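Report on one structure; see the data block that follows.
Numbering (my numbering), first residue to last: 5 to 192.
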């Protein structure tokens, strides 16, 4: 077992001639040291990129009993979901969950009545037919904007309530974002 201030040989790899920590070691360090939201954003991205489940961080932590910040790993792991496709998909999910709403399904396929997928939404509460989407700058390009214009009515025609948020919403009005989703009408 390595000492607290040392890296084990299997925690380092060579990339383009430079030694770097592995994805798992980097996720472990960031999960312990960063503010909660940033820790989950990092774990989501690193787990997705390197193909390990967040729960492996708890096993990894056994190498370093008593390490600073290790007690918070279970919270980060419980909030992590490597299916998020960007940091700005993770942030709205955390707004909702940390405010007490249930964990939404991530990258949820919305199907029409014949079972064909008409859209995959960033986050969903399927029983309530609520979708929460992050709209980054790429959604405002002519090609992507045209596709989004087509997708939106398809979801609403199927009874889905779609909430679309940009970075300004997530950062400047998080309370309102949570309130809007929380008070969305539920289907009968």
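The beta-carbon is built from N, C-alpha and C at its ideal position, and this holds for glycine as well. If you're wondering where the values come from, they're calculated on a predicted model, not measured in any experiment.
Taking a C-beta distance under 8 Å as the contact criterion, residue 74 and residue 36 qualify as a contact pair. Under the three-state reduction of DSSP, residue 169 is assigned to strand.
Separation of the CB atoms of residue 169 and residue 96 is rounded to 6 Å, and the pair is thereby assigned contact status at 8 Å. The straight-line gap separating the alpha-carbon atoms of residue 178 and residue 138 is approximately 13 Å. When DSSP states are grouped into helix, strand and coil, residue 138 belongs to the strand group. In this chain, residue 48 is not harboured by any beta strand (DSSP E); it is covered by the alpha helix (DSSP H) spanning 40-54. Per the coordinates, the alpha-carbon of residue 189 lies some 21 Å from the alpha-carbon of residue 116. The beta carbon of residue 58 sits closer than 6 Å to those of 47, 51, 81 and 84, all from its chain and outside the five residues before and after it, given in chain order. In this structure, the straight-line span from the alpha carbon of residue 66 to that of residue 60 is close to 10 Å. DSSP, read as helix, strand or coil, puts residue 91 in helix. According to DSSP, residue pairing for residue 127 in a beta bridge involves 110 and 136.
Here residue 18 carries a strand assignment [DSSP, helix/strand/coil].
Distance from the CA atom of residue 56 to the CA atom of residue 88, rounded to whole angstroms, is 14 Å. In the structure shown, residue 179 adopts helical secondary structure according to DSSP, grouped into three states. In the DSSP annotation of this structure, the continuous segment of the alpha helix (DSSP H) that includes residue 33 starts and ends at 27-37.
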